[in-house]
Structures are given as C-alpha cells and as structure tokens.
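These protein sequence lines are chains A and B, in that order. Residues 535 to 822 in our numbering are what the first sequence spells out, letter by letter. Residues -11 to 347 in our numbering are what the second sequence spells out, letter by letter. Think of the CB as a built atom: it goes at the ideal place given N, C-alpha and C, for glycine as much as any other residue. Quick caveat: nothing in here was measured; it's all calculated off a predicted structure. As structure tokens, the structure follows; a few thoughts come after it.
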Amino acid sequence: MAHKSRMHAGESRRSAVFVLPMALLAVTLVALPLIYVLGTSLVETGQSFSFGAAFTLDNYRRLLRADYLLVFWESLKLAFLTTLLSFVIGYPFAYCMARAGKRWKSLLMMLVIIPFWTSALVRIYGWKILLQANGPINAVLRGLGLIEKNIKFLGSYGSVLLAMVYCMISFMILPCHSSIDKLDVTLVEAARDLGSKPWRAFLDVTLPLTMPGILAGCVLVFVPSVGIFYLADIMGGGLVLVGNLIRDQLLKVRDWNTGSAMSMVLIFITAGIYLLYRRSGGDDLGVF
Amino acid sequence: MKKKGLWIAVAVVLIVAVLAAIVLIPKLTTKKATEEPVLNIFTWEGYIDYETVIKPFEEETGIKVNYATFASNEEMYEKLSAVNGGDYDIILASDYILNTTREAGLMQKFDTGIVTNLGNLDEGFTHQYFDPDSEYVVPYVSGIPLIVYDPSAVDIEIKGFNDLWNPALKDSLGLIDDARVTIGMVLLSMGQSMNTTDDAVLAEAAEKLAALKDNIHVLEYENLHNYLVSGDVSVAYTFTPFVALALDANPDLKVVWPEEGLGFGIDGCFIPVNAPHAKNANQFLEFLLRPEIAAVCAEWQYYCSPNAAAMEVISDWYKENPVFSGIYDRIGDAEYVKNLSSADEQKFQDIWTTFKLSL
C-alpha cells in the first residue's frame, strides 16, 4: 500500500486508534456469530457448540446426498442465469448511460437508483400484478391480437428469473457504468482511425478495458443470488434453493447442526467465488 | 486524512450509542413496567386488533397493553425459553408449539376464579392434545385448509382430495408450499393419518404425490387466493382466511369440504410460567372469551370461532359464510398436524425436496 508508507508515524498511530473500535465491532457482529455457526456445524446433531465439545464432520457428510447436491446445483444455475441476463441487459444500458448527454445521463441514473427507495418485496408484488393471468400484460397481448388465451406467467421459471434479474440488475449496471465512464474514448477512436470496424473496436478495446467493471458486477450479482430464495417463493416457482433448504432444516426439522453445515458450505462457495475474482485481478469491491 | 479520522470517530460513537440504546432501553422500560398495571402480549403482527379488542380492554381495566410480535412459532419458543418463561404475560401461538411449550413446563394454569367463562367455548375445541385438561390454553381462533375452485374454469365436480389428481386439472392447481400440510393432504386422500411416520406409508404417499406433478401450477405458502382470483390457477387448497378472501373477491367460487378428511389447527392463548403480570393476563383471557369480543376476533381474523356463545351474536354475513360455519359439522373428521421428532420431520422434508426438484 503506497499511501501508507507516506504517512507520518503519528498519523498511523492515530488511525490505529480509530481502527480499533471498528475492528471490535467487526469481531463482535461478524466474526463471533460466524464462529458460532462454524462450531455448531462441527458438533454432533442435537448438541450445542461449547468448549470441549467433541468435533465431528458428520453434518457435512450428511450433505453428500444426490438431492442436496441437486439443490446446490439449482441455486448455482439460477444465480448463473441471473448474472448472465443481468450482464446482457445491464451492460448495454450502462454503455448508453455512460455515452449519453448530461441530462439523459442523470435521468437514466435516477431510473437505476429509484427502485432502491422502496422494498424489493413491494416491487416484486407489483410485478405479480402485472404478470397475473387477467393482468395488464395479458390484456395488452390480447388487445393486440397476439394471444387468444391468457398466458400463465406466474409460477414459471421465467417469472422467477425475471424477478431475480429485476432485483439484481442495478448491481451490474453501476460498476459497468463506472468502468465505461472512465474509459478513455480516444483509445476507441485510435482503433477506429487505424481501420477497425466498430464492433471490432468494441471487442478489442472497450470490452477488455471495462472488464474490471464487468467482473465486479458479476460478483455483486452472483454472490447474493446464490443465497436468495424468497423471490422464487413469491413468484410461486416451487423451486428448492439452498436458502429454502437451510430454513427448513433450522425451523422444520430443527436440526441446527446440519443447517449450520449447509450455511457454512454456502459461505465457502461465496468466499471461493470472491477469491477467484481477486485471483483474476479483480478490484477490492470497496470491501477491504 | 484528519477529516476522515474525525468522521470515523463520529461514526463509531454513533454506532456504540445505538447499540447501548438497544441494550439499555428495554431494561429501563420493563423495570418501570412492573410498577404499573401492564399486560405484555406476544404474538404475530396484527393478530389481535387494537381498535376492537385491545383498546376496549385498556379502557375497561386501566391496564396498559404492550404488543410485541414474532414472525414464527419457532421464534416465539426460542425467545420464551431464553427468558425462562418470563417477560411476557399472554402468548398467542399455534397448537403444535403450544404442546411443545406446555411439555417444556413454560406455561402456567389460568385462574378459573378469574376466567369464569370457559363454558362459552364449544366442546369440540376444548380438551385438545396440547391441553388435555383444558387448564392452560384458551383457544382463540381455528382454521381448516379447504379446496376452493372456479367452476367456470373446471370441467369436473370436485368433492375431495382425490379429485385433484384428475387429468382434467392439468397445470391448474395451487397448493401450499409446506411439506407437512401438502404431504398430509396426500396422506388424508389415502385414508392415512397426516402424522404417520410409517416408512412404507410415506413411500406410497411420495409416489402418489409424484403423480400430482402435472396438475400443479403454483406452490406458495400464503396468498394462494390471489392466483385463484387472477385466473392463474383454477383450484387451490389453502388456509381458512385465504379461502374466505377468495370467496369475497369472487362469490361464484365453490368451496369444498374434502370428503376424505380435514386438516385442522387452533391458535390459542396461554400465560407463561413466570409471567410478570399473571393477574392481568387472566383478566385478558376472561375478556377474550366474552361472546361479543370472540365474535369480533373471528370476524376480524377471518377464521372459525371456537366460541359457541359468540356464534349467537356474530353477524349474519359470518354465519352464512360456508368457510366459517362448516366447521361445527365436520370437527370430528379433523386432524392436527403435530410436531414430530427431528428424524421423522426429516422424512417429510426429504419427500418434499425430491418432489419439488422434479417439478
């Protein structure tokens, strides 16, 4: 860290004073609960985590079942599709936003920010009303003569995916936008001057140079998508995602140890994705 | 750099202050509370109406009611165990958790010297498994999940659970996204108990459930009535208030009391073993049992009333609604979803997970 070495000794001591309380908070609010979950996942079923408890890996071994693996696979698949769609829709949006004039730019930015003002839950219920069989979307399609019978959108995989992309896409747009915005336009111009076709210039110059934003967006969308399950539940999708599995394990089966093991696996997956991202030269996402 | 440090310091002070407030404020208020006529109620959000129940009680008795909420029965049980049956004076929760709570010794008997109107209850709702001698729990409302369907969108007449497997209902069912309730429904359709733990019977149920796959359009725990009213499903199996709401929105819908058997549930009030204001709590139970109050609660919550005296004074609208009135004829066929051991509960969850993955 370059700026650290430039700091005076006094300043660095002072900053340590300020860091200490923050570190204490981080330890009590993040690390301790996590250690408790880890501990609970490592003791026998029905036991609570305490010092001197006998450790076992049984709770993790219990997860090695075809149907549980399928549940993890389903969650990863949904998260992957959400990320892919968010990118396909979000990147062009971010591109237009970055290249738009000042007035348009702030308007588009508002469109991205405003949804954050209300709860995602409320907005998803709005989607449900739009999508229902006798709802406005079907009415329009019928009015245009495109369909004869109402389409039952709700409950389909597509409706779940729509809700996911809708809730997550901002996290793709914002980092992509900041990358594209920072991109030196003269580089693209140079490529064009040297005879590159527009799409070639985009693929060879714009895309690689905005990769940090794309990667950051992918991580920001993918990681929460793996854990979210209430959107699928609200859309009536009848999916079993890791989140459902953990909730049912804790509340219905009342097996906190296996539930904790599931949670730990989810955390490992998330951490693995983050590490992969850092390995590939990713930014710190403002986390560290 | 200096400015940044200052901001961080301010942020830290703020966070610490908020944390301190969260820890200290409840302590200060509960300390004060013991000196006053107070009643601490603990239940779901919106489950006891303020205007029609709590406010009249406060005006009549001068007791100040505090209303704390939980999101699930399990959360209530965790919290009550953590305070060793103290802090709260009245808890309103569901049958199976009432049973767990009583067995854990976290309830106290109500005082029949104060609660003198227990006779208002219909006998079908007293002496239940969670309170065999009717000395701990005062039933508040009761519900039975029912089938409700749109006859204009369905070609067959539905009389019971087994009709749901009819191929004519392809892609048109909305069922409750809950292992115990929906596998329980399959078990009832087979003439079995919803609480069976017999592996052979459960395997048969799993097979029968798998055959229902093509007819299911939506699985959701609550709000299935919306799908019915919007035309997304034409048949739903859902809880009492949602059946009633569906009927309100579309009076042409048909309600079916399944011929094979019924699921059943009671939500009831009890006084925790170390309740700080047990006398006030007993007064409140007496208040809830009064016919006019019980009637208001049933009408407000859209559930069936276990209070026979309330049925005398309840509105005609409620009395004539088939969702609410049918219970008295069929209570003998009704069965609770009871709490099972973790291992048995796991069997139901496994069947449900496998089934949902196949959808």
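Pick from the options that is closest to residue i, judged by C-alpha positions
| i | options | result |
| --- | --- | --- |
| glycine 624 of chain A | A:Thr574, A:Val755, A:Leu576 and A:Gly692 | A:Val755 |
| leucine 531 of chain A | B:Pro120, B:Trp153, B:Phe30 and B:Ser218 | Given that chain A is displayed from residue 535 to residue 822, the structure contains no residue 531 of chain A and the question cannot be resolved. |
| leucine 618 of chain A | A:Asp738, A:Glu723 and A:Ile707 | A:Ile707 |
| phenylalanine 312 of chain B | B:Glu48, B:Ser177, B:Phe149 and B:Leu134 | B:Leu134 |
| glutamine 96 of chain B | B:Asp37, B:Glu308 and B:Ala269 | B:Ala269 |
| isoleucine 164 of chain B | B:Asn150, B:His213, B:Ala81 and B:Asp119 | B:His213 |
| asparagine 72 of chain B | B:Asp159, B:Pro279 and B:Ala92 | B:Ala92 |
| phenylalanine 606 of chain A | A:Ala673, A:Ser814 and A:Ile780 | A:Ile780 |
| alanine 296 of chain B | B:Trp340, B:Thr100, B:Lys326 and B:Ser130 | B:Ser130 |
| glutamate 323 of chain B | B:Ile42, B:Ile281, B:Val261 and B:Thr184 | B:Thr184 |
| tyrosine 700 of chain A | A:Lys731, A:Ala654 and A:Ser730 | A:Ala654 |
| proline 742 of chain A | A:Gly729, A:Leu728, A:Val722 and A:Arg726 | A:Val722 |
| aspartate 121 of chain B | B:Ala141, B:Asp202, B:Ile102 and B:Phe98 | B:Phe98 |
| glycine 314 of chain B | B:Met299, B:Lys67, B:Glu62 and B:Ala237 | B:Met299 |
| aspartate 782 of chain A | B:Thr114, B:Gly50, B:Arg168 and B:Glu248 | B:Arg168 |
Host beta strand (DSSP E) of residue i (start-end)
| i | result |
| --- | --- |
| tyrosine 128 of chain B | 126 to 131 |
| valine 243 of chain B | 242 to 244 |
| serine 82 of chain B | 78 to 82 |
| phenylalanine 275 of chain B | Phenylalanine 275 of chain B -> not in any beta strand (DSSP E); alpha helix (DSSP H) instead, spanning 266 to 277. |
| threonine 226 of chain B | 223 to 226 |
| asparagine 54 of chain B | 52 to 57 |
| asparagine 791 of chain A | Unbroken run through asparagine 791 of chain A is the alpha helix (DSSP H), 790 to 813; no beta strand (DSSP E). |
| threonine 368 of chain B | The structure shown does not extend to residue 368 of chain B, since chain B is modelled only from -11 through 347, so no value can be given for it. |
Distance, residue j Cα to residue i Cα
| i | j | result |
| --- | --- | --- |
| valine 284 of chain B | valine 551 of chain A | 60 Å |
| tyrosine 35 of chain B | proline 44 of chain B | 16 Å |
| glycine 112 of chain B | proline 155 of chain B | 37 Å |
| aspartate 220 of chain B | valine 561 of chain A | 49 Å |
| phenylalanine 822 of chain A | arginine 812 of chain A | Low per-residue confidence applies at phenylalanine 822 of chain A: pLDDT is 38, beneath 50, and the placement is therefore not dependable enough to give any value. |
| isoleucine 648 of chain A | valine 206 of chain B | 31 Å |
| lysine 242 of chain B | leucine 235 of chain B | 8 Å |
| lysine 20 of chain B | tyrosine 55 of chain B | Its pLDDT being 44, under 50, lysine 20 of chain B is placed unreliably in this model, and the value from its coordinates should be taken loosely. Those two C-alpha atoms are separated by around 16 Å. |
| glycine 751 of chain A | tryptophan 651 of chain A | 21 Å |
| glutamate 23 of chain B | alanine 263 of chain B | A caution first: glutamate 23 of chain B carries a pLDDT of 45, below 50, which makes its placement in the model too unreliable to give a value. |
| alanine 805 of chain A | alanine 613 of chain A | 15 Å |
| proline 294 of chain B | alanine 331 of chain B | 33 Å |
| proline 127 of chain B | leucine 675 of chain A | 50 Å |
| valine 719 of chain A | alanine 735 of chain A | 11 Å |
| glutamate 338 of chain B | proline 246 of chain B | The amino acid at residue 338 of chain B is misidentified as glutamate; the sequence shows aspartate. Going from the Cα of aspartate 338 of chain B to the Cα of proline 246 of chain B covers about 26 Å. |
| phenylalanine 58 of chain B | glutamate 33 of chain B | 7 Å |
| glycine 320 of chain B | glutamine 116 of chain B | 12 Å |
| leucine 563 of chain A | tyrosine 570 of chain A | 12 Å |
| proline 239 of chain B | leucine 695 of chain A | 34 Å |
| serine 794 of chain A | isoleucine 171 of chain B | 26 Å |
| leucine 645 of chain A | glutamine 334 of chain B | 45 Å |
| glutamate 47 of chain B | valine 53 of chain B | 11 Å |
| leucine 678 of chain A | phenylalanine 687 of chain A | 18 Å |
| histidine 265 of chain B | alanine 81 of chain B | 19 Å |
| phenylalanine 258 of chain B | lysine 662 of chain A | 38 Å |
Short CB-CB distance (under 8 Å) between residue i and chain C
| i | result |
| --- | --- |
| threonine 341 of chain B | Structure shown: chain C not included; protein chains present are A and B. |
N- and C-terminal bounds of the alpha helix (DSSP H) containing residue i
| i | result |
| --- | --- |
| glycine 660 of chain A | 654 to 665 |
| isoleucine 36 of chain B | Here isoleucine 36 of chain B belongs to no alpha helix (DSSP H), and DSSP marks it neither H nor E. |
| proline 626 of chain A | 600 to 633 |
| aspartate 727 of chain A | 719 to 727 |
| proline 567 of chain A | 566 to 576 |
| proline 746 of chain A | 745 to 761 |
| asparagine 593 of chain A | 592 to 595 |
| alanine 518 of chain A | This structure gives no information on residue 518 of chain A, because the portion of chain A shown stretches from 535 to 822. |
Proximity of residue i and residue j at Cβ, strictly below 8 Å
| i | j | result |
| --- | --- | --- |
| proline 229 of chain B | tyrosine 306 of chain B | no |
| glycine 256 of chain B | leucine 86 of chain B | yes |
| valine 231 of chain B | valine 301 of chain B | no |
| methionine 796 of chain A | valine 776 of chain A | yes |
| aspartate 138 of chain B | serine 222 of chain B | yes |
| glycine 635 of chain A | serine 693 of chain A | no |
| asparagine 684 of chain A | alanine 667 of chain A | yes |
Item to check | Inter-stretch contact at 8 Å, needing at least 3 Cβ pairs: the region 629 to 640 of chain A / the region 706 to 724 of chain A | outcome: yes
Next on the checklist: Under 8 Å, with one C-beta from each stretch per pair, do the region 730 to 748 of chain A and the region 763 to 772 of chain A reach the 3-pair mark?
Outcome noted: no
Next on the checklist: Below 8 Å, how does it come out for the region 658 to 677 of chain A and the region 785 to 792 of chain A: are there three or more Cβ pairs, yes or no?
Outcome noted: no
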